[in-house]
Each structure stands twice: as C-alpha cells, then as structure tokens.
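A short write-up of the structure that comes next.
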Amino acid sequence: MVCKVNCAAIMGVDVLPVIVETDICNGLPSFDMVGLLSYDIKESRERVRTAIKNSGFLVPPKRITINFSPGNIRKAGTYFDLPVAVSILWCLDIIKCRLDDKMFVGELSLSGRVVAVNGVLPIVLHAMERGMKYCFVPAMNVGECRYIKGIKVIGVEDLNELVMLLVSGGYKNYQIKEEIEEENISTVYEHNFKWIKGQVMAKRAAEIAAAGMHNILLVGPPGTGKTAIAKAMKTILPEMSQNEKIEISKIQSIAGKLEGNLVGERSFRNPHHTTTVTAMTGGGINPKPGEMTMAHGGVLYMDEFTEFSRGVMEAMRQPLEDKKIVISRKGGTYSFPADFILLASMNPCKCGYYPDRNKCSCTERDVNKYLEKISGPILDRIDLCVHMNNVDFFDLTRESSEESSEEIRKRVNKAVEIQRKRYENEKIRFNSQLEGENIKKYCNLGKKEQELIGQIYENMDLSVRAYEKILKTARTIADLKNHEEIKYEDIAEAVSYKAMSVRRGL
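Everything in the sequence shown is counted per UniProt numbering, starting at 1 for the first residue and increasing by one.
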C-alpha cells in the first residue's frame, strides 16, 4: 500500500505543497527517489536509510520507490528527510496512525537525530492554511513557531522520539516547554539622535522617512554626520505589528538568520559597495533572498552610494517601484518581497568637498561626471534628498540638549498609527506605498495648495513620479503634524527635500 506524507517545498519565499509517496514491494533491492529532485535530496537516500537503522529499525532488502509529488516543481533542501523516514516506517507497519492531518519537516543525522533546518516558520504557516492539525519539526526550530495559533507544533529531538509520539498518540497531549517570558526592557542603542549635533534638516528628513517609509539620500562632505544619522535611523523606525513580525521572520527563517524567536526589530542592512548584483537581488542555483529582500520592512543603507557598480544601481529600479524582485530560472520563477527604505549617502564630488573651493580641486566636468554615476531614474525614485554642510563650532560646543531617538520615535509611531487607521481597508500600510487613484483619494489638496504644486510642477519640470513623491511626502509631513488635510507648508517642506534630487548639479 502506498503511504502519503505531507511536506512542502520553498520556492523563493513562497511555500508549495509536496506529497511524499512511498511504496515498498518485493523485487530486487533498491531505493529509488523521483520527482524533479536536486542533488541534496538524492543524497538523503543514504542519510535516511542509515538513520532508520541506527534508530533500531530494520529496513528489509526490498524495492523502495519514493515519489515527490507534484513532479513539475523542483525540490531542494534537506527538510524532506523526516517525511521520507516517516513514510518508510509507515509502510513497514512500524507506524500506524492517521497522517493526512500532519506535516513533517526536518533533516536527519546518521544517528537518527533531527537537525534544525531553514524555513520552518513559513512551512508551519502553510500547514495551518492547508488545515493541518499537527506539524512535526526539529526541536531547535520550535521557538520560531510558538506564536502561531491554530496548529500544534511538535518539536522532536530524534527519530525514536517521533515514532514513540506517533505510536502512542502522545503528540495529542504534547506541550511545548514553558518559555521564559520576555521582559519589556528598552533596547539600548549604540547610536542615538541626541548625540548628533546640528544637522537639523537631515534629522528632520530622517524622521519623515521613518514615518512614511520614504527613500532618502544624504549628500555632504566627509565628517558631516551622514553615517551617524544613517546608523541612528534604526532607533526611530516604527514599531512592528504582529503581522509584520511574522512576515519579516518568514524571510529571516528561509535565509537561516532567525534565532529561535520572531524578530523584534526592523532590519537594517548595510552591504559593502563591492557587493554584486546577485548578492543584492538574490539568486543562485536554488535562489535565496538577497540584501534587498533581507531589508524588507526595514532599511537598506548604501554608504558611498556612487561607488556601487552601475549594475547594482540599475538592478534597484524595479524593486524600488514594484516593492518586489522577480527572478527567472530554469526551475521556475521566484518572487521575493523588497519593500524597504533606501537610505543612501554620498559625497558631492570625487574629493568630497564641492562646492568649497578652498578644499575642492575638482573641475565642473569632474563633478558632473561623478554625479552622473547615479542615473536620473534612480534619483527620481528617491523621496527626500538633503545636502549636509559642516557643523559650525558654535553648534558643536553649545550646551543644549538635542532631541533623543526616543522622542522622535514617539512621533513616528503616532504618524504610523494614523496611516494604519487610514489604510485599514486598503492593501497598503504606509504613505510611500500610495499609487494610482489612492494618491488622489488620500492626498487631496485645497485650492491654495493645488496652485502651489501646479507652479512647482511647471517651474521645476517634474516627472509624474517626482510629482507623486512630493504629494506622498507631504502626506507624511501632515501626519507628523497631525493635520487631517495637507497644508501649504507641508507641500513647501516636501518640495525643499525633493528640489535637490531633480537638479543634476549639487
């Protein structure tokens, strides 16, 4: 009789159902596995056979055929070991229980120990959506699933423990060991806005970017505080909802970066300027998330922006617009989410001191050539652009308390809550995600404001995208001020940040 065991395959960040079918019959002894399998799954044949033997069970010399259905989906990874072992043991009458309401995932060592694997969280969520009642996972992966309701997640240490639970029915009364309750302790950050002197406009732009998830570019000479503001940015990012925690944790789980619990903070990725296109977008033989996907829901900080390769910059065009990355491979098409804040910083010229002619030795041609490393379409996708000058001695030495990250974050959270209520019936969460008819619906302007934006559009020769960016930024500024409607001054402030990005010369 054929045994069917539920499992799943991860394609990018999507989870697809897979059925492991096993048949054991008389004939020449063999162990065949079919179903469009990668090499690492074919290797599991010897792992599973040895794990079963070392767990004290006898595999008779018969013809064993295992099919991974459906056959048109390429399967990769080591998390199929456990379902394969269960299906064999069921066919050998060692296990006799209902399997259609259970899902199994995990790698086996030669001793029969169940080894932790990547991607358990999204697989468990998928099992719950399919109506499964139980999901058996490696004990080391239970922590990341403990907030999931609607399915019992059972952690197993080894194959013997799994067999015992299934044979005795002990899985029905299984209880996860009590976890120590998390203490509500405020995170102490190494960087804080209260330690950054001056640069009022840059700090204000960072606040707006965090509140509406807008892209931001900081331009200025070396030593003006660009990196300090960038690193302090993560201290004012809005708090995550439970859905956002799960969404980001799924990505971290697939990438193998989730450490036993849901993520508590938004991502802050800081790739080096030598990073390749594949490392940024994701890919490989079995495509994995890249830096842009790892920054989903958080910040992608690109220091020395102009030093990144042209290929990397141009590869960002689609993700910045569509909020996702689509990779086509022979084995299929993979989609990765990429909704992040692009935080970039750069010098105004090659030597870094333009337009200070006392220090800058670059010609106008050199400056323009340097700035041309950033294409117009990329600049068009940046909402806020700030030119930072050196902090004067008075601001640096005066005894005044700068506003802390905690104070700024309170305003950011209030603005985000306003957006949450406004868009509760929409598929978006932040102002930066507005597009099409929703821009007109939620960025409605009065007569005076309409006249102002009309003059700006004509005088600055804006593109439609730049025009919409200004409106969305103005909407965030209004939310920070708790304005129900966008005011004249909100548009004026939004334009002051966009003006630089539409000018090719700095």
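C-beta: ideal position from N, C-alpha, C; glycine also.
Tell me the residue span of the alpha helix (DSSP H) that contains residue i.
i	result
asparagine 243	242-255
glycine 376	376-380
lysine 231	226-232
glycine 454	447-459
aspartate 366	364-371
isoleucine 88	81-91
arginine 317	317-322
isoleucine 148	Where isoleucine 148 is concerned, there is no enclosing alpha helix (DSSP H), given that its DSSP letter is neither H nor E.
isoleucine 439	437-442
Beta strand (DSSP E) containing residue i: first to last residue?
i	result
glycine 131	Segment: none, glycine 131 is in no beta strand (DSSP E) and carries neither H nor E.
isoleucine 66	63-69
alanine 344	341-346
alanine 8	3-11
residue 512	Coverage of the chain is limited to positions 1 through 506, which leaves residue 512 absent and any answer about it impossible.
glycine 332	332-337
valine 163	Per DSSP, valine 163 belongs to no beta strand (DSSP E); it is in the alpha helix (DSSP H), 159-168.
methionine 33	30-34
I need the DSSP call for residue i, collapsed to helix, strand or coil.
i	result
threonine 22	strand
histidine 483	coil
aspartate 40	helix
histidine 387	strand
methionine 302	strand
proline 138	strand
arginine 49	helix
lysine 410	helix
arginine 475	helix
valine 105	coil
serine 267	coil
arginine 420	helix
lysine 75	strand
leucine 432	Per the sequence shown, the amino acid found at residue 432 is serine instead of leucine. Correct three-state label for serine 432: helix.
valine 117	coil
glutamate 182	Per-residue confidence for glutamate 182 stands at a pLDDT of 43, beneath the threshold of 50, marking its modelled position as unreliable; no derived number is given.
serine 401	coil
proline 122	helix
Could you work out which residue in the options is closest to residue i when comparing CA atoms only?
i	options	result
valine 416	Glu239, Glu307, Arg47 and Pro122	Glu239
serine 109	Pro122, Val120 and Asn54	Asn54
methionine 302	Lys440, Cys351, Ile248 and Lys231	Lys231
isoleucine 196	Phe340, Phe104, Ala295 and Thr397	Thr397
serine 375	Glu314, Gly446, Lys359 and Pro337	Glu314
proline 17	Asp380, Met128 and Asn160	Met128
isoleucine 10	Asp23, Met33 and Leu37	Leu37
glycine 436	Leu471, Ile408, Glu407 and Glu451	Leu471
glutamate 161	Asn72, Leu125 and Ile52	Ile52
arginine 329	Ile285, Gly71, Pro355 and Thr78	Ile285
With distances taken between CB atoms, is the gap from residue i to residue j smaller than 8 Å?
i	j	result
methionine 319	valine 13	The sequence given here has proline at residue 319, not methionine. No, the Cβ-Cβ distance between proline 319 and valine 13 is not below 8 Å.
methionine 132	aspartate 81	no
isoleucine 151	tyrosine 171	no
serine 432	methionine 213	yes
isoleucine 94	phenylalanine 57	yes
tyrosine 497	arginine 475	no
glycine 454	glutamate 485	no
valine 120	asparagine 141	yes
aspartate 339	glycine 297	yes
glycine 112	leucine 159	yes
serine 253	glutamate 107	no
valine 5	leucine 99	yes
Would you mind sorting residue i into buried or exposed? The rule is 16 or more other CB atoms within 10 Å of its CB.
i	result
cysteine 97	exposed
cysteine 25	exposed
glutamate 182	Note that glutamate 182 scores a pLDDT of 43, beneath 50, so its modelled location is shaky; the value from the coordinates is reported in the next line. With fewer than 16 Cβ atoms within 10 Å of its Cβ, glutamate 182 is classed as exposed.
glutamine 242	exposed
isoleucine 208	buried
phenylalanine 104	buried
glycine 35	buried
threonine 363	exposed
asparagine 215	buried
serine 168	exposed
threonine 333	exposed
leucine 28	exposed
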